[in-house]
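Enquirer: First, the structure itself, so that you have it in front of you.
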Amino acid sequence: MQSRQGPPILQAFYDVAKLMGKDQMLSNRWQILCCWVYLVAAALAVGMFFARADLLLIFFVQAAGAVFLVMGALSVKSPYSQVGAQRELVQILTYEPLLILVFVGMYLVVGSFDVGDILAYQTPLLRKLPLMFIVLSYALTIKLRKSPFDFSTSHHGHQELVKGVMTEYSGPALGLIEMAHWYETVLILGVCSLFWATSWIWMAVLLVATYFAELVIDNTMARMTWRWMLKYVWSIGLALTFINFIWLHAG
Amino acid sequence: MSNLLLLLIVLPAIAGVVCYFVRSGAVRTFTVTATGAVLTAASLALLGQGSFVFEASGLWESLVTILDFALLFVILYYGFRLRNLLIKVFAAAQIVLLGFFELVLLDHGASVPALMGDSLALVMVLVVSIVGSLICIFGLPYMRKHEQHLKLEKSKQPQFFLYLVLFLGAMNGLVLANNILWLYFFFEVTTFCSFMLIGHDATEVATKNATRALWMNSLGGVALVLGIIWAYTQTGTLSIMAMLAAGPATGVLLVAVGFICLAGFVKAAQLPFQSWLLGAMVAPTPVSALLHSSTMVKAGVYMVLRFSPMFEGSFLSHGIALCGAFTFLACAALAIGQSNGKKILAYSTISNLGLIIACAGLNTPLAIIAAVMLIIFHAISKSLLFLCVGTIEQKIGSRDIEDMRGLFKIMPRTATITIIGILSMLLPPFGVLLCKWMALEAAAGHLFVIVMMALGSALTVVYWARWAGLLMGSRGESRGTEQQPLLTGGPLMLLCASALVFAFTTPYLYTEVLVPAFAAAQVALHGSLLEDAAGGFVMYPLIMLIGLGTLFAVFRALRAKGKESHPYLGGAQVGGMDEGAFLGPMETAVPYSAGNYYLGELFGEHKLTLWINIAAGSLILLMMGGAL
């Protein structure tokens, strides 16, 4: 998009490796507890996904991690962290119902919430749930903290380096959070992959296209406010859900 | 058998009378504690004996009838004393209807077993007797402090504990009743006890809220009498067992069931009848805890659940599911707009009761089991949270959650227990979440219900997470340990421990106790949710992993070493570690403060309540109309 050369593609991994080697700075012991629970829950959710567990249960375990991230940010007496936590809560509030409804859509088609049963289904879900895929992509954008929904991790005071919900995490603790975030990304892309689980090639194409679309959206959109997000995403998401479910019912 | 029943229903009444007449603190403490212990033991013994049917002698029958009329006249008297037209009208209507029923319609010759205990009733007795007793015991030191604070000249504790303990007996009677007129009698007793308890402090606002509770619940009483008379003319029996045995109701009988459910809605403070329960928070904390967790509102959901076989498969059932799901969603939204801790708890209670009623309306075996489990877990977690808020309020003088920032520093033990209580309402592997999971699975085919449940469930996360987060706030070591009287700390620790223990026994409880009791046949046919194909508990590995993960996280947190760092304040920090102040103009320190987002423009009480009440009222009309 620009003619400059950016960091290598593995930079994110180098960053985390470097963070893990840094000295620990402690604001508060709760934070260490919270970032570990966040990581464990995210890893567990991914593990359960690959163990083909119940989608709702996977989602709840994932949500537990998200809640702990917020609680960690709330436990510190720092305005940036507090504001970030409040905004993160609004983000959770926005994407949670949509994710549940995506799972319900899958249930309506397949008749089960089990990842195993969904994978065994013979036609691509995308054909029956095209609108639910759009709904999922809203959740994906929020979960990846991409614009226009990236406000929980950015809030500038006097400097640009302030990072909302993560402001008070540093060194190894921040590294853990980054790793947990990778797990979350894997999980939600995993859910995307269920939409075309009948063929490996198309699944890969779908995932690459989705991820690329996210990057394009991230680079072309400006950050919006939480009010806009909540109203816009809920109304569009619910409308798409109702239309898609009525199709299913009719078809 | 009859001795156990006597202990469960009549002993609390006697203990209450003892508390009232013997005005000694020591006797009161002994009586309440001993009654709690006996109730706990008796409820467990009753469980051990299994299902039963109990015929009472004619003497008891007449006594209940006489007491029933006496109670109605007492309520009528209060209607005149409070000069409230609604109470007068509703009480008079009940007296007239009940008199007409007893004198004209009722065949007094037929014998009806007075009490019965099936799985649902036994579960309820356990919840009432154990959780309720713990709350009463917690009330002993609490009320002493409460009265010190109010500087009363003459203690009102005798009266307070009379109604508090009597309440437990009435609840036990209500859930064990088989003769529907007995159910009605105990229903009225709980109405009256709650009225007296809410108005206990006798302030202007307490009296106002107590009056509101009385007229609303009297309205529920009218609906119940109508339902009873209507059902009797259709079925010709007063026995609940006989009515349930006749299978799903059709035609006009369904309307009678609709009226009974409506009475349950009022008692469970479902929208649009929520205001009496919100008003109840002016009462001393043990009262709120009792009303919200183990008694009163649980009586409402119990009635809907009890009669659920009668409306199975009907439009009424769908209507009930819709009403419940709407309450779940709307009250979760209202809870977000609140900063008053007790009010958040109140809305969350109503919201969870809505979920239970939605489950009763969905009426599949899975949904019914979810509802029963929710009753148990909600009673434990919610009573714990109310008692925590009461303890915190007595210490810091506020029930506003903004004032609880960094509470861990002042009250480390209570704060930790509160955090665990909050997490038990919210996260895996705690029971409430598992019930929510089961409810979602059960509702998956029901478009409107599942959408409302999905939205409501996300709203729930917001108000719990931010509260738990701001309780944590602390830095460094806390100031010493926290001292609590035994009767305050004991119930808190016990409830907290049972919330934790239940998290690990949920799958066992589900497969070994609840499925055989409530849905053996259907689940055997369709497979059960918490079990895998090989018959093992799917949940256990998950619970183990979550438990180990959490322990590991706690271990890392305790062992974490590092330099202490200041919170980031844009590089403009002044003062010590604790203060958190910016460097302001003229080199002054400007302390920073943060507040929660209450999303007032979306979820404010004043904005939503009217519309929500209108919507809920229309849904109830739809429900009742569908029954016709």
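In the order they appear, the protein sequences are chains C and P. Position one of the first sequence corresponds to residue 16 (the working numbering), numbered consecutively onward. Position one of the second sequence corresponds to residue 2 (the working numbering), numbered consecutively onward. Where a beta carbon is used, it is the ideal one built from N, C-alpha and C, also for glycine.
Spell out whether any CB of chain C is found under 8 Å from the CB atom of R24 of chain P.
Expert: No, R24 of chain P does not count as interfacial toward chain C.
Enquirer: Touch check for the region 408-420 of chain P and the region 154-170 of chain P: three-plus C-beta pairs under 8 Å?
Expert: Judged by Cβ distances under 8 Å, the region 408-420 of chain P makes no contact with the region 154-170 of chain P, as fewer than three pairs qualify.
Enquirer: Along chain P, in chain order, which residues have C-beta atoms closer than 7 Å to that of M86 of chain C?
Expert: What M86 of chain C touches in chain P: A466, A469, G470, M473.
Enquirer: According to a CB-to-CB cut-off of less than 8 Å, which residues of the region 439-450 of chain P neighbour chain B?
Expert: This model lacks chain B altogether; the protein chains it does include are C and P.
Enquirer: Please return the same chain residues whose Cβ sits closer than 6 Å to the Cβ of G301 of chain P, not counting the five positions on each side in sequence.
Expert: For G301 of chain P, where only same-chain residues beyond five positions count, the Cβ hits under 6 Å are G265, K268, A269.
Enquirer: Return no unless some Cβ of chain C is closer than 8 Å to the Cβ of T551 of chain P.
Expert: Closer than 8 Å: yes.
Enquirer: Thinking C-alpha only, which one of P:A371, P:V288, P:Q271 is nearest C324 of chain P?
Expert: Per the Cα distances, P:Q271.
Enquirer: Could you pull out every residue in the same chain whose Cβ sits closer than 7 Å to the Cβ of K178 of chain C, ignoring the five residues on either side in sequence?
Expert: If we look at K178 of chain C and ignore the five residues flanking it on each side, its Cβ neighbours are T168, S169.
Enquirer: Does the beta carbon of Q39 of chain C sit closer than 8 Å to a beta carbon anywhere in chain P?
Expert: So yes, Q39 of chain C belongs to the interface.
Enquirer: What is the DSSP secondary structure of G355 of chain P, reduced to helix, strand or coil?
Expert: The answer is helix: DSSP assigns G355 of chain P an H, G or I state.
Enquirer: Residues in its own chain within less than 7 Å of W241 of chain C by CB, not counting five upstream and five downstream?
Expert: So the qualifying residues of the chain are R102, V105, F166.
Enquirer: At 9 Å on the CB atoms, spell out the chain P contacts of I107 of chain C, in chain order.
Expert: Those are A459, V462, V463, A466, listed as they occur along chain P.
Enquirer: For M40 of chain C, write down the residues that DSSP places opposite it in a beta bridge.
Expert: DSSP, once it has assigned bridges, lists P:K564 as partnering M40 of chain C.
Enquirer: Counting only Cβ pairs nearer than 9 Å, list the residues of chain P close to H219 of chain C.
Expert: Looking at the sequence provided, one finds Ala at residue 219 of chain C rather than His. Within chain P, no residue comes near A219 of chain C; the closest Cβ sits about 30 Å away, beyond 9 Å.
Enquirer: Shorter than 7 Å, the distance from the beta carbon of C262 of chain P to the closest heavy atom of the ligand FMN, or not?
Expert: For the ligand FMN, the structure offers nothing, since it holds no ligand at all.
Enquirer: Less than 8 Å between the beta carbons of V91 of chain C and S42 of chain C, yes or no?
Expert: Their beta carbons are under 8 Å apart, which means V91 of chain C touches S42 of chain C by this criterion.
Enquirer: Taking 8 Å as the threshold (C-beta atoms), are A284 of chain P and H379 of chain P in contact?
Expert: Cβ atoms of H379 of chain P and A284 of chain P: not closer than 8 Å.
Enquirer: Closest Cβ-Cβ distance between V119 of chain C and chain P: below 8 Å?
Expert: It does; some Cβ of chain P falls within 8 Å.
Enquirer: CB L167 of chain P to CB P13 of chain P, shorter than 8 Å?
Expert: For L167 of chain P and P13 of chain P, yes; Cβs fall inside 8 Å.
Enquirer: Which residues does DSSP list as the beta-bridge partners of A178 of chain P?
Expert: In the DSSP output, where bridge partners are listed per residue, A178 of chain P has P:L116.
Enquirer: Which of helix, strand or coil does DSSP assign to S169 of chain C?
Expert: Coil at S169 of chain C, not helix or strand.
Enquirer: Closer than 8 Å, CB to CB, is Y348 of chain P near chain C or not?
Expert: Not closer than 8 Å to any Cβ of chain C, the Cβ of Y348 of chain P fails to qualify, so no.
Enquirer: Determine, using beta-carbon pairs with one atom in the region 176-189 of chain P and one in the region 20-30 of chain P, whether at least three such pairs fall under 8 Å.
Expert: They do not touch, by the three-pair rule.
Enquirer: Using beta-carbon positions only, say whether G391 of chain P and L317 of chain P come within less than 8 Å of one another.
Expert: Their beta carbons are not under 8 Å apart, which means G391 of chain P does not touch L317 of chain P by this criterion.
Enquirer: Give a yes or no on whether the C-beta atoms belonging to C436 of chain P and M374 of chain P are separated by under 8 Å.
Expert: Taking 8 Å as the Cβ cut-off, C436 of chain P and M374 of chain P qualify as a contacting pair.
Enquirer: Does M545 of chain P pass the burial test, meaning 16 or more other C-beta atoms within 10 Å, or should it be called exposed?
Expert: So M545 of chain P counts as exposed.
Enquirer: Rounded to whole angstroms, what's the CA-CA distance from V188 of chain P to C20 of chain P? Just pull it up for me.
Expert: The sequence given here places Phe at residue 188 of chain P; Val does not occur at that position. Approximately 23 Å, taken between the alpha carbons.
Enquirer: Could you check what DSSP says for S315 of chain P in three-state terms: helix, strand or coil?
Expert: S315 of chain P falls in the coil class under three-state DSSP.
Enquirer: Going along chain C in order, which residues have a C-beta closer than 7 Å to the C-beta of R82 of chain P?
Expert: By Cβ distance, chain C contributes nothing, its closest Cβ being about 47 Å from R82 of chain P, past 7 Å.
Enquirer: On the DSSP bridge list, what partners appear for D108 of chain P?
Expert: Answer is none; D108 of chain P lacks a bridge partner.
Enquirer: Would you please verify whether the beta carbon of K564 of chain P is less than 8 Å from any beta carbon of chain C?
Expert: Yes, K564 of chain P lies at the interface with chain C (some Cβ there is under 8 Å from its Cβ).
Enquirer: Would you tell me roughly how many angstroms separate the C-alpha atoms of A78 of chain C and V433 of chain P, rounded to the nearest one?
Expert: Cα-Cα distance, rounded: 15 Å.
Enquirer: Is the CB of N666 of chain P under 8 Å away from at least one CB in chain C?
Expert: The requested residue 666 of chain P is not part of the displayed model; chain P covers only 2 to 629.
Enquirer: Any C-beta of chain P sitting closer than 8 Å to the C-beta of P94 of chain C?
Expert: With 8 Å as the cut-off, P94 of chain C counts as an interface residue toward chain P.
Enquirer: For I451 of chain P and L354 of chain P, I'd like the C-alpha separation in whole angstroms.
Expert: Using only the alpha carbons, I get a separation of about 16 Å.
Enquirer: Report the neighbours of F128 of chain C on chain P: residues whose CB is nearer than 8 Å to its CB, in chain order.
Expert: Simply E442, A445.
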